[in-house]
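2 protein chains.
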Amino acid sequence: MEFWNQHPYHLDDLQVGQRFTSGLHEMDEGQILAFAEEFDPQGFHLDHEAATASLFGGLAASGWHTAAITMKLLVRGGLPIAGGIIGAGGEVSWPGPTRPDDRLHVEAEVVEITPSRSKPDRGIVTVRCETKNQRGDVRQVLVAKLVVPRRAVRQSISPQILASV
Amino acid sequence: MEFWNQHPYHLDDLQVGQRFTSGLHEMDEGQILAFAEEFDPQGFHLDHEAATASLFGGLAASGWHTAAITMKLLVRGGLPIAGGIIGAGGEVSWPGPTRPDDRLHVEAEVVEITPSRSKPDRGIVTVRCETKNQRGDVRQVLVAKLVVPRRAVRQSISPQILASV
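Those protein sequences? They're chains H and L, same order as listed. The opening position of the first sequence corresponds to residue 27 in the numbering used here, with each subsequent residue numbered one higher. The opening position of the second sequence corresponds to residue 27 in the numbering used here, with each subsequent residue numbered one higher.
As structure tokens, then:
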């Protein structure tokens with residue numbers, strides 16, 4: 027089994043403005059239908075005719091499907107965080123729906139870094155992730171708060187503090 | 027094929043404070059592994075030993091899996107919105123991870139209703155959705171902005187305006 031939780035960037039290695047770009051995910055109609063049948067069984071995600079008559083004007087992936095694919099792209103190298111990608115939460119919006127012919131990638135930018143006051147081994151890193159298709163259409167914006175480990179404390183605290191341990 | 031987009035509540039039928047409760051979803055280890063393999067392949071979602079050594083202290087569902095199940099519960103009668111549940115976006119947080127033995131349901135409350143100024147046929151309804159397990163542990167809080175249709179305009183505008191149409 028292949029895990030993707032061994033990545034290089036600790037909190038101490040990140041800086042505001044730093045950017046990462048993921049690989050690609052090729053969407054297709056089969057994936058849209060399979061996800062919708064399991065998790066979001068609404069006509070505009072399942073049926074061309076119902077979708078055309080809806081607000082979406084054509085078959086549209088569930089927003090949660092776009093979110094799940096975004097996570098896959100981040101985990102598979104799109105956002106190489108030490109210990110894996112652990113989200114505490116975030117804000118998500120879908121400016122337009124993912125379509126069956128979309129090839130998606132994610133562009134992530136570090137927007138805030140907040141070391142924890144109470145837990146010296148970690149902090150919160152806020153990352154803005156835009157999921158775009160091959161034409162640059164933004165299909166999702168996710169501003170996520172991630173729990174990110176610091177490098178081992180012995181590397182970052184002063185000898186004076188070490189002496190008191 | 028079974029669609030779930032025929033529901034009774036238009037924007038005009040909703041009021042702030044109104045509450046809805048969904049049916050149940052029984053999580054299990056197989057579902058957690060299947061979702062994680064496809065969308066969130068990290069050790070703490072895939073492997074007991076890796077999960078026990080992680081921040082989660084044991085096998086934990088992907089937060090996006092909890093989000094997808096929440097959507098399923100809302101669509102399958104948990105939030106009976108006319109025309110289906112169409113999210114423009116929202117804020118999501120995961121106070122604690124969903125576990126393999128969790129039985130989930132969603133409690134939704136209408137917190138804001140904003141008719142559109144530019145589009146008289148719709149508005150935005152903000153709904154706070156808490157996804158809880160059988161012990162009342164909150165596994166997700168989603169504050170979602172939904173696009174909700176109004177009842178046909180002819181029912182809500184005055185005869186004077188109708189005369190000018």
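We treat Cβ as the ideally placed atom computed from N, Cα and C, and that holds for glycine. Quick caveat, the model's predicted, so the values are computed rather than measured.
- Annotated as proximal: H/P106 and H/Y35, with beta-carbon spacing under 7 Å.
- In the three-state reduction of the DSSP assignment, H/I112 falls in the coil class.
- In this structure, L/A86 sits near L/F70, with a CB-CB distance shorter than 7 Å.
- Under a criterion of Cβ atoms nearer than 7 Å, the residues of chain L adjacent to H/V101 are, in order, D66, P67 and Q68.
- The stretch 157-177 of chain H and the stretch 124-133 of chain H touch, with no fewer than 3 CB-CB distances between them shorter than 8 Å.
- Around the Cβ of H/T157, a 10 Å sphere holds 16 or more other Cβ atoms; the residue is buried.
- Nearest in C-alpha terms to L/G89, of all of L/P121, L/A178, L/G56 and L/F46, is L/P121.
- For the C-beta of L/G110, the chain H residues within less than 8 Å are, from N- to C-terminus, Q68, G69, F70 and S80.
- Secondary structure remark: continuous beta strand (DSSP E) runs of at least 3 residues inside the stretch 52-130 of chain L, in chain order: 113-119.
- The closest CA to that of L/I139, considering only L/P175, L/H131, L/R102 and L/L130, is found on L/P175.
- Annotated three-state conformation of H/L168 is strand, per DSSP.
- In terms of beta-carbon proximity, H/A87 stays away from the interface with chain L, with every pair separated by 7 Å or more.
- With a cutoff of 7 Å on beta-carbon distance, L/G104 and L/S48 are scored as near each other.
- In this structure, L/R129 lies near L/L50, with their beta-carbon atoms less than 7 Å apart.
- Cα atoms of L/E55 and L/K171: separation of roughly 31 Å, rounded to the nearest angstrom.
- Here L/F65 has S88, W90 and H91 as same chain residues with Cβ atoms under 8 Å from its own Cβ, once five neighbours each way along the sequence are excluded.
- Distance check between L/E63 and each of H/G83, H/D38, H/L59 and H/V101 places H/V101 closest, using alpha-carbon atoms only.
- Chain-ordered listing is empty here: chain L has no CB closer than 7 Å to the CB of H/G162, the nearest sitting near 20 Å.
- Residue-level contact by beta carbon fails for L/A77 and chain H, as no gap is shorter than 7 Å.
- Within the stretch 108-141 of chain L, contact with chain H at the beta-carbon level (separation under 8 Å) is assigned to G109, G110, I111, I112, G113, A114, G115, G116, E117, V118, S119 and W120.
- Cβ-Cβ distances below 6 Å link H/V167 to S119 and E156 in the same chain, with the five nearest sequence neighbours on each side left out; the list follows chain order.
- Here the alpha carbon of H/D38 sits roughly 10 Å from the alpha carbon of H/G149.
- Take the alpha-carbon of L/P141 and the one of L/M97: they are about 23 Å apart.
- Beta-bridge analysis with DSSP links L/A134 to L/F46 and L/C155.
- In summary, H/S144 is exposed, with fewer than 16 beta-carbon neighbours lying within 10 Å of its beta-carbon over all protein chains present.
- For H/M97, the chain L residues whose Cβ falls inside 9 Å of its Cβ are F65, D66, S88, G89 and W90, in order along the chain.
- Between the beta-carbon of H/L40 and that of H/V136 there is about 5 Å, and that keeps the pair under the 8 Å contact cut.
- Annotation: Cβ neighbours of H/A93 in chain L (cutoff 7 Å, chain order): W90 and A93.
- Under the DSSP definition of a beta bridge, L/R148 partners with L/P175.
- In summary, L/V173 is buried, with 16 or more beta-carbon neighbours lying within 10 Å of its beta-carbon over all protein chains present.
- Within its own chain, the residues whose Cβ lies closer than 6 Å to the Cβ of H/V169, once the five positions on either side in sequence are excluded, are G116, E117 and R154, listed in chain order.
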